[in-house]
Amino acid sequence: MRLTRYFLPVLKETPADAQIASHRLMLRAGMVKQQAAGIYSWLPLGWKVLKNIERIVHEEQQRAGHIPMLMPTVQPGELWQESGRDNSYGPEMLRITDRQGRKMLYGPTNEEMITDIFRSHVSSYKELPLTLYHIQWKFRDEIRPRFGVMRGREFYMKDGYNFDLTKDDALHAYNRHLVSYLRTYERMGLQAIPMRADGGPIGGDYTHEFLVLAETGESEVFYDSAVTDLTFGDREIDYDDVAQCQSILDEFTTRYARTDETHDEALFGQVPEERRRSARGIEVGQIFYFGTKYSEPMGAHVQGPDGKPVPVHMGSHGIGVSRLVGAIIEASHDENGIIWPEGVTPFHCGIVNLKQGDAEADGACEGLYDGLTALGLEPLYDDRDERAGAKFATMDLIGLPWRITVGPRGLKNGVVELTSRRTGESEELPPEAALEKVA
Ligand code: ATP
Ligand code: MG
Ligand code: MG
Ligand code: MG
Numbered sequence: 031m032r033l034t035r036y037f038l039p040v041l042k043e044t045p046a047d048a049q050i051a052s053h054r055l056m057l058r059a060g061m062v063k064q065q066a067a068g069i070y071s072w073l074p075l076g077w078k079v080l081k082n083i084e085r086i087v088h089e090e091q092q093r094a095g096h097i098p099m100l101m102p103t104v105q106p107g108e109l110w111q112e113s114g115r116d117n118s119y120g121p122e123m124l125r126i127t128d129r130q131g132r133k134m135l136y137g138p139t140n141e142e143m144i145t146d147i148f149r150s151h152v153s154s155y156k157e158l159p160l161t162l163y164h165i166q167w168k169f170r171d172e173i174r175p176r177f178g179v180m181r182g183r184e185f186y187m188k189d190g191y192n193f194d195l196t197k198d199d200a201l202h203a204y205n206r207h208l209v210s211y212l213r214t215y216e217r218m219g220l221q222a223i224p225m226r227a228d229g230g231p232i233g234g235d236y237t238h239e240f241l242v243l244a245e246t247g248e249s250e251v252f253y254d255s256a257v258t259d260l261t262f263g264d265r266e267i268d269y270d271d272v273a274q275c276q277s278i279l280d281e282f283t284t285r286y287a288r289t290d291e292t293h294d295e296a297l298f299g300q301v302p303e304e305r306r307r308s309a310r311g312i313e314v315g316q317i318f319y320f321g322t323k324y325s326e327p328m329g330a331h332v333q334g335p336d337g338k339p340v341p342v343h344m345g346s347h348g349i350g351v352s353r354l355v356g357a358i359i360e361a362s363h364d365e366n367g368i369i370w371p372e373g374v375t376p377f378h379c380g381i382v383n384l385k386q387g388d389a390e391a392d393g394a395c396e397g398l399y400d401g402l403t404a405l406g407l408e409p410l411y412d413d414r415d416e417r418a419g420a421k422f423a424t425m426d427l428i429g430l431p432w433r434i435t436v437g438p439r440g441l442k443n444g445v446v447e448l449t450s451r452r453t454g455e456s457e458e459l460p461p462e463a464a465l466e467k468v469a
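Each residue of the sequence shown is one higher than the one before, starting from 31 at the first, in my numbering.
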């Protein structure tokens, strides 16, 4: 992409109403525009990042054997009357009445709808296990939308639902989700720690939230610092292997790590004092086993091996796709702007032409552009007729991992300058060598 043909409305001023770095940087970098409280347009740069995150989520869910689909944003109210949540969900739900006077709502989550789909089409245990998921916009009328896309009213979420014959099978689905989430967040350059969370009115031990540590996080968390040493890495996973998934869950959840809702001072006191940490975190996902909470009232039964109908065991599992854009920036920025991890960056490499219109500099930039494209990478070429300082500031703000700077002086010696956004280190090298490094 050439900057002169792109739409990148960067702001010079720091927006006054944005309280945290990620919100400020997303506005300044022209990634989003607020349309109403907690409702955003995703401008081209922000959209690219959102799609990269979405792609990673899809890949990892499908790797785990979960099946993608798509449910609508608008739901009929009756389904929520069946489950009993119509009353209990409260004012976070955006209720709509259509022209026929029917009660509708903009979905805040999809347990009811997926249960309805399941009961319409599945009748035998032989069709289990089954995990369906979608990535779709949600609406929750948050009392205090804030921090940009981190607490929006409209937000993009992956939500998946498992259907199993027994509790044990459903717990394997739970473990599978935990493992796939660990992989997912790591691919985005994030450390998201699974923490024991509150089971809510259903109770039970089977829910974990995934938290990214950040001072601006809305959750208070307590943990054994040893959990921050754990990394998933590139281990091979067989998602059908019950023991392997269980052992990974044990590895990542045995040490103390809890949100304030489940925090237990006495247990925390057993962690060696030098490893006790309290901090703040951003909730980027949650997994939940809830048994027959929906299948029972909504009649989602299957015929078991003995021919008798039984309600299926279910769980739901969410990832805050749009919140992740903000969370990644919170975790990875400096005073000059965003620093994208390679996995989600909107472009792989910036090209800065120090002397636009100079035949040699223009030619070298075009060569690099084609070279990067041939490598399957997406470059962003700043081909504006602008001062070098302004071009550097834009590149730093939008945070691409690499910048190649091309000017007549370097070209005389056959070199360009390659700069890493993360380390700030630059080196001069021939254009072909720069391409090799970026690839
Ligand atoms: P929170 O505690 O932040 O309100 P939640 O526990 O209500 O989140 P879940 O129902 O667990 O949210 O939804 C799954 C994921 O969706 C969350 O882990 C979070 O990453 C994301 N999410 C929830 N609410 C919002 C929101 N208002 N804006 C952006 N993302 C959200
Ligand atoms: Mg909430
Ligand atoms: Mg929560
Ligand atoms: Mg949650």
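Idealized CB from N, CA, C, for every residue including glycine.
Computed from a prediction, not measured in an experiment: that's the story for all the values here.
The straight-line gap separating the alpha-carbon atoms of Glu142 and Asp259 is approximately 39 Å. In this structure, Met61 keeps its C-beta atom at 8 Å or more from the C-beta atom of Val87. Segment contact: the segment 186 to 206 against the segment 357 to 376, fewer than three CB-CB distances shorter than 8 Å; contact not assigned.
Rounded to the nearest whole angstrom, the CA to CA distance from Asn443 to Leu459 is 9 Å. Following the DSSP letters along the chain, one finds Ala244 in no alpha helix (DSSP H), marked with neither H nor E.
A distance criterion of 7 Å places the beta-carbon of Glu313 in contact range of ligand 3, judged by its closest non-hydrogen atom. Gly311: not part of any alpha helix (DSSP H); member of the beta strand (DSSP E) spanning Arg306 to Gly321, first to last residue.
By the criterion of a C-beta distance shorter than 7 Å, Asp116 is surrounded in its chain by Gly107 and Trp110, once the five residues flanking it on both sides are discounted.
Taking a 10 Å sphere around the C-beta of Met180, we find 16 or more other C-beta atoms and assign the residue as buried.
About 20 Å separates the Cβ atoms of Ala287 and Met218, ruling out a contact at the 8 Å cut-off. Beta-bridge partners of Pro121 (DSSP): none assigned. Per DSSP, Glu390 is one residue of the alpha helix (DSSP H) stretching across Ala389 to Ala404. Within 7 Å of the C-beta of Glu239 there is at least one heavy atom belonging to ligand 3. In this chain, the alpha helix (DSSP H) harbouring Met425 covers Ala418 to Ile428. Residue burial is scored here from C-beta neighbours: Arg451 has at least 16 other C-beta atoms within 10 angstroms and is therefore classed as buried.
The continuous alpha helix (DSSP H) containing Arg93 extends over residues Pro74 to Arg93. Distance between Ser255 and Ile223, taken at the CA atoms: about 11 Å. The beta carbons of Leu427 and Ile368 sit closer together than 8 Å. Here the alpha carbon of Pro339 sits roughly 10 Å from the alpha carbon of Gly329. The shortest CA-to-CA distance from Leu243 to any of Gly401, Ile358 and Tyr155 is the one to Ile358.
Within the segment 159 to 210, there are no complete alpha helix (DSSP H) runs of at least 4 residues. In this structure, Thr139 has its CB closer than 7 Å to one or more heavy atoms of ligand 1. When beta bridges are read from the DSSP output, Arg32 appears opposite Tyr411.
Between the beta-carbon of Pro138 and that of Tyr163 there is about 16 Å, and that puts the pair past the 8 Å contact cut.
The C-alpha of Glu172 lies about 11 Å from the C-alpha of Ile69.
For Leu73, the closest of Ile83, Asn82 and Ala59 by C-alpha to C-alpha distance is Ala59.
Using a C-beta cut-off of 8 Å, the segment 341 to 351 makes contact with the segment 309 to 327, since at least three inter-stretch Cβ pairs fall below that distance. Remark: three or more beta-carbon pairs, one from each stretch, lie closer than 8 Å, so the segment 154 to 168 and the segment 183 to 200 are flagged as touching. Of the candidates Glu457, Met187, Thr44 and Leu430, the residue whose Cα lies closest to the Cα of Thr103 is Met187.
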